[in-house]
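Visitor: Protein chains in written order, with my numbering: chain U, 168 to 436; chain D, 168 to 436. Beta carbons are placed, not taken as given, at the ideal position from N, Cα and C, and that holds for glycine. Sharing a structure here in structure tokens format.
Listed below in structure tokens is the structure:
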């Protein structure tokens with residue numbers, strides 16, 4: 168097999184499943200090539216992806232000589248995405264009665280979801296999260312995209328307990344916007360014990376929902392390692408969960424005003 | 168730039184966004200290489216992916232000389248996936264009271280979602296679907312994975328109309344399992360006019376939900392081009408929607424019985 172053919176196969180294997188360990192020994196056997204050749208290919212792929220800011224190829228020690236791809240978003244792509252989103256989000260026809268923001272189109276856009284998922288995965292790849300948790304409904308697509316790039320399962324917290332979830336743990340929380348007691352429930356067997364949870368959601372105002380998820384997760388002897396939201400509001404400045412990460416911040420949502428949108432400027436920490 | 172470096176970049180561009188047109192002219196300019204060299208690289212990538220059954224690279228005529236990747240699942244990967252899923256789904260601890268099947272873990276598993284999304288996209292890539300529609304909640308991750316590979320938006324039908332959806336169209340349908348009148352609603356501006364809808368859901372018994380979605384979609388002067396579900400039941404044999412495609416079929420779900428599971432055998436049509 169020619170080197171260029173090997174390279175196509177290795178890039179495909181790495182990219183198809185981000186953050187999933189690939190055994191070079193198994194690949195070598197599958198394609199009938201020397202493992203040392205594959206190692207050289209991986210070194211070149213690593214150099215090219217790093218030069219482009221498009222990912223890091225991590226070599227894992229131990230049996231099999233595994234490698235995995237940690238995706239990154241090239242700086243230029245992120246800036247284009249931020250600029251495009253700020254424009255789309257500030258369209259005044261998005262204002263809904265009661266100071267809500269229409270985002271269903273954006274939260275269903277395949278390229279937006281892909282980019283947001285990659286950005287969240289990049290930001291939290293050192294958090295050791297082993298599960299992404301979201302609350303139904305609008306945050307689910309974002310949570311799925313993030314879980315794909317982190318290669319961890321996604322668990323959906325429900326507003327009410329359905330028979331198809333099996334036994335579930337239910338708790339109450341006080342919603343921020345309506346000041347009402349609400350319930351949320353999580354399937355008992357969906358979340359692994361001692362899970363390290365990344366909360367992903369579409370929108371955060373005070374953070375009451377994320378705080379509710381956090382309390383619920385603690386009932387499973389699990390911990391929250393981070394909170395990522397697509398859009399947060401500038402007010403209130405103090406949120407109910409520690410250090411939430413938001414891609415975008417919107418100003419006061421009032422029917423008479425323009426919508427002010429800022430992208431997170433210091434994305435890379 | 169060496170050929171192997173170019174190839175890494177072209178494979179990455181193709182794989183990152185399946186079914187999205189990439190301009191070779193733009194790539195050539197970005198990397199300062201000849202477009203003819205990139206065309207040769209694409210030809211080699213096409214040959215390797217086709218030999219592996221991992222995708223088709225389509226060249227588009229017209230301005231820019233675009234190419235796109237139509238992903239496919241290699242036969243062997245599909246068979247391994249089917250065998251693994253049949254085993255996981257037939258685990259008798261999945262039986263829930265009332266003859267329901269616990270699947271939340273599977274429907275949140277990143278590798279299952281990725282594989283199901285690729286299989287649905289492969290199966291419906293000639294359907295001309297330009298939007299994936301699902302009903303909240305459990306089918307959303309599957310719908311998102313499918314929409315990613317088809318590179319189309321995903322629209323979520325809600326059980327009740329929320330303020331954040333903006334103006335919505337609401338209709339009623341009779342649920343199959345409970346024989347009750349239920350409502351479903353879809354955001355008016357989420358679905359494009361004359362949409363060609365692929366319905367994706369996790370589970371189908373009689374198909375009442377899919378039929379409800381189908382009626383709702385028709386109110387938008389749109390049409391349903393296909394219905395894809397993860398699991399269907401062997402009974403009733405006649406479903407309420409034409410030719411639904413299911414990855415898996417389960418037999419009678421009763422607490423005393425074993426769970427019978429069959430994978431779709433004639434996957435490629």
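#1: Between the Cα of residue 253 of chain U and those of U/429, U/434, U/433, spot the shortest distance and give me the residue it belongs to.
#2: Would you mind telling me which residues of chain D sit closer than 8 Å to residue 275 of chain U, beta carbon to beta carbon, in chain order?
#3: Between the region 172-186 of chain U and chain D, which residues of the former have CB atoms less than 8 Å from a CB of the latter, in chain order?
#4: Do the region 301-318 of chain U and the region 296-315 of chain D make contact, defined as three or more Cβ pairs closer than 8 Å?
#5: List, from N- to C-terminal side, the alpha helix (DSSP H) runs of 4 residues or more that fit wholly inside the region 182-268 of chain U.
#6: From which residue to which residue does the alpha helix (DSSP H) around residue 282 of chain U run?
#7: Short of 8 Å Cβ to Cβ, which residues in the region 255-285 of chain D face chain U?
#8: Starting from the Cα of residue 204 of chain U, find the closest Cα among U/174, U/221, U/216 and give me that residue.
#9: So which residues on chain U does residue 350 of chain D lean against when the C-beta distance must stay under 9 Å?
#10: Under 8 Å: do the region 283-297 of chain D and the region 239-256 of chain U share three or more Cβ pairs, one atom per stretch?
#11: By a C-beta neighbour count over all protein chains shown, 10 Å radius and 16 as the cutoff for buried, is residue 348 of chain D buried or exposed?
#12: Output yes if chain D places a C-beta closer than 8 Å to the C-beta of residue 337 of chain U; else output no.
#13: Going by DSSP, what residue range makes up the alpha helix (DSSP H) through residue 379 of chain U?
#14: In whole angstroms, what separates the C-alpha of residue 384 of chain D from that of residue 391 of chain D?
#15: Strictly below 8 Å CB to CB, what residues from chain D border residue 332 of chain U?
#16: Could one say the Cβ of residue 385 of chain U lies closer than 8 Å to chain D's Cβ atoms, at least one of them?
#17: Using a C-beta cutoff of 8 Å, does residue 361 of chain D count as contacting chain U?
#18: Mind checking residue 419 of chain U: buried by the 16 CB within 10 Å criterion, or exposed?
#19: Hey, residue 186 of chain U and residue 318 of chain U: beta-carbon distance below 8 Å or not?
#20: Who are the neighbours of residue 221 of chain D on chain U, taking C-beta pairs under 9 Å?
#21: Cα separation between residue 313 of chain U and residue 285 of chain U?
#22: With 8 Å as the threshold, decide whether the Cβ of residue 215 of chain D is near any Cβ in chain U.
#23: Could you check whether residue 235 of chain D and residue 273 of chain D sit closer than 8 Å to each other, using their CB atoms as the reference points?
#24: If we cut at 8 Å on Cβ distances, does residue 170 of chain D have a partner in chain U?
#25: If you draw a straight line from the C-alpha of residue 432 of chain D to the C-alpha of residue 333 of chain U, how long is it?
#26: Residues of chain U with a CB under 7 Å from the CB of residue 308 of chain D: which are they?
#27: So, at 8 Å on beta carbons, what are the nonlocal neighbours of residue 268 of chain D in its own chain, with the 5 sequence-adjacent residues on each side left out?
#28: Is it true that the CB of residue 365 of chain D sits closer than 8 Å to the CB of residue 299 of chain D?
Guide: Taking the structure as given:
#1: U/429
#2: Result: 314, 320, 321, 322, 323, 357.
#3: 172, 174, 175, 176, 178, 179, 182, 183, 184
#4: yes
#5: With a minimum length of 4 residues, the continuous alpha helix (DSSP H) runs that stay inside the region 182-268 of chain U are 191-198, 202-219, 242-256.
#6: 277-290
#7: 263, 264, 265, 267, 268, 269, 270, 271, 272, 275, 276, 277, 278, 280, 281
#8: Of the listed residues, the one whose Cα sits closest to residue 204 of chain U is U/174.
#9: Result: empty, since nearest Cβ-Cβ is about 15 Å, beyond 9 Å.
#10: No, the region 283-297 of chain D does not touch the region 239-256 of chain U.
#11: exposed
#12: Not flagged as an interface residue toward chain D: residue 337 of chain U, since no C-beta distance is shorter than 8 Å.
#13: 375-385
#14: 7 Å
#15: 269, 271
#16: no
#17: no
#18: exposed
#19: yes
#20: Identification of chain U residues near residue 221 of chain D by a Cβ-Cβ cut-off of 9 Å yields 176, 179, 183, ordered along the chain.
#21: 6 Å
#22: By the rule that beta-carbons nearer than 8 Å mark a contact, residue 215 of chain D touches chain U.
#23: No.
#24: Chain U, which has a Cβ nearer than 8 Å to the Cβ of residue 170 of chain D, makes this yes.
#25: 30 Å
#26: 307, 311, 321
#27: 256, 261, 262, 370, 398, 417, 420, 426
#28: yes
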